[in-house]
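All the letters of the sequence shown, read from the start, carry residue numbers -20 to -1, 1 to 428 under mature numbering (1 follows the signal peptide of the UniProt record, and there is no 0). Note that the Cβ used here is the ideal one computed from N, Cα and C, for glycine as well.
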Amino acid sequence: MTLFPTARLAMLAFCATGLAVATGAPSSFTLAQLQNPDEQTLQELAVAIETIGLLSITDWEAHTPSGTTTAPPFYGALSDYVACARGPMLNSASSNTLRRIEMEDGTARHTVATATVGGTLMPLPEEVTVACPKFAAASSDLREAVDAVGLAYTQVLDTLVYNGSPPSAASSFVTAAQQAESLEHFHMFVQEENTASRHNSAMLPLHTDIGLFLVMTVAEYIDLPTGDRLAGSYRLHGSGLVVEHAPGQRAAPALPEGALVIMHGEAATRWMEAGAVKPKAPLHEVVSLDISGAARAWFGRMYFPLADAKLHLQDGELLDDAIHNAVDAGGLTFGAYHQHASEAFRRGLGHSASAAGCSPSAVSRHLGAARELADAASCKAAGKFFCWMSCQAIPKKARCAWSKMRCRNPKNGKFWPANYIDKKTKKPGHCYDCIVQCPKPGGGWSGV
């Protein structure tokens, strides 16, 4: 079966990857099918969950912005967010509600964050509701639709994975949706005059998400001078999402306009009990797009496990002492792990692009090594080694001590980050071939 079996594949080239990638449509379902699936629908969902890890939920015509017949559902919330994010109040020197981060390709991302806790949608920051009442009202409709999708989808997961009977409350997807925390982000991406464009980089590098799954909108593009929606031939390369379904083989899924998209993350298998169906967390990146003069708007909600869900170790994992002690004491809980990683999530690293959310686990095309995009501290918290802006798993019987390991490119002998600092940005660049290596006793280097 191909990645997108229902679609005719066409070839596109994206500057961020240098690879030819196919475009196609993932499987689509309506909310009614998700809430009351028959046997055929359940079979189709199981295939999409196990082989792709990506699907879209359509039929949202009731959510089309009032006064228009051309804009897709939920466009109002996203366009109103762009107007809000560009307004004077949120951009004043005294405001700290709107968070700005420069992405890998130089694009600036402006974020408003909120959350859902214990099944209750938390309000937007007060400053946003005061400054942007139109956006606040439109966002409620979008967030409630996402909430309905998430709850219905967790019921499907409990049915398919556990035949309707999860082995414990901590392993129930429904219980997680009803009781655990979910993080939500509205993002606006723009290319600012003072931001250097680096189109040889992906906006967000290859990764997998850390949560159970992400429910997100398809990105919308708004012309900044006029405020008009960019559509049809003016729409820039679709969503920008590229999925890798085999080493070197990537697909740009044709996501239906106005749909809500579900994408699985690592937690669906790492923090939940195994069952009849194993959700796939797709490797994906968001390519660098020329959006000068336009804004790219997106919303996503990342669902997390319960705090007492326990980590399921993979064969060959090496844990540092703190994590090892937690595991030996009865298992590392997601709550304990979250203490180390939540700050990165709240900065938006878990939800970074128009079609992705991200605490990544990128895969080396050469070694298939699982990686997580983070920083050195969160890597260590996860029991992994920081290498090329990501966390790399280490075998249990490593050839050298942790302190002697280095992140190194075996093709040219250079070390990351020291030999990869960009002279202009003063930041370390990409090293797609870098791996963790150990020094040999007689000289030279070898794998760990």
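Taking a cut-off of 8 Å on C-beta distances, the stretch 193 to 208 touches the stretch 272 to 280, as three or more cross pairs fall below it. Beta-bridge partners of residue 81 (DSSP): 89. As summarised for the stretch 137 to 179, the continuous alpha helix (DSSP H) elements at least 4 residues long and confined to that stretch are 153 to 159, given in chain order. The criterion of a C-beta distance shorter than 7 Å is satisfied by residue 94 and residue 104.
Below 8 Å, enough C-beta pairs join the stretch 237 to 247 and the stretch 185 to 193 to call them touching: three or more.
Under the 8 Å Cβ criterion, the stretch 110 to 121 counts as touching the stretch 52 to 63, having at least three qualifying pairs. If the five residues before and after residue 62 are omitted, its C-beta is found closer than 7 Å to the C-beta atoms of 168, 202, 275 and 277, all from its own chain and listed in chain order. With the rule of 3 Cβ pairs closer than 8 Å, the stretch 155 to 170 does not count as touching the stretch 224 to 244.
Between residue 286 and residue 140 a beta carbon distance of about 19 Å is seen, past the 8 Å cut, so the two are scored as non-contacting. Nearest in C-alpha terms to residue 67, of all of 85, 108, 379 and 88, is 108. The continuous alpha helix (DSSP H) containing residue 64 extends over residues 55 to 65.
Between residue 220 and residue 154, the CB-CB gap reaches or exceeds 7 Å. The stretch 1 to 40 contains, as complete alpha helix (DSSP H) runs of 4+ residues, the segments 11 to 15 and 19 to 31 (chain order). In the three-state scheme derived from DSSP, where H, G and I count as helix and E and B as strand, residue 206 is classed as coil. A check of alpha carbon separations from residue 258 across 31, 24, 10 and 8 identifies 31 as the nearest. Residue 276 is bridged by DSSP to 169 and 201. If you look at residue 108, you'll find it in the alpha helix (DSSP H) that goes 106 to 111. Judged by DSSP in its simplified three-state form, residue 426 adopts strand. Excluding sequence positions up to five before and after residue 115, its CB lies within less than 6 Å of the CB of 60, 61 and 64, all in the same chain and listed in chain order. Within the same chain, no Cβ atom closer than 6 Å to the Cβ of residue 208 is found once the five residues on either side in sequence are excluded. Listed in chain order, the non-local C-beta contacts of residue 263 below 6 Å within the same chain comprise 186, 188, 224 and 343, local neighbours out to five positions each way being set aside. In the assembly as shown, residue 147 is an exposed residue. Its beta-carbon has fewer than 16 other beta-carbons within 10 Å. Distance check between residue 378 and each of 389, 418 and 414 places 418 closest, using alpha-carbon atoms only.
The beta carbon of residue 426 lies closer than 7 Å to those of 379, 417, 418 and 420 in the same chain, with the five residues before and after it left out. In the three-state scheme derived from DSSP, where H, G and I count as helix and E and B as strand, residue 253 is classed as coil. In this structure, residue 365 places its C-beta atom within 7 Å of the C-beta atom of residue 385. Here the alpha carbons of residue 10 and residue 39 stand approximately 6 Å from one another. Going by C-alpha positions, residue 129 is about 14 Å away from residue 25. At the C-beta level, residue 222 and residue 265 come within 7 Å of one another. Excluding the 5 residues flanking it on each side, residue 149 has same chain C-beta neighbours closer than 8 Å at 155 and 286, in chain order.
Looking at the DSSP output, residue 265 bridges to 222. From the listed residues 401, 402 and 393, the smallest Cα separation to residue 414 is found for 393. Taken through DSSP and simplified to helix, strand or coil, residue 100 comes out as strand. Residue 132 is positioned such that its CB atom lies no closer than 7 Å to that of residue 312.
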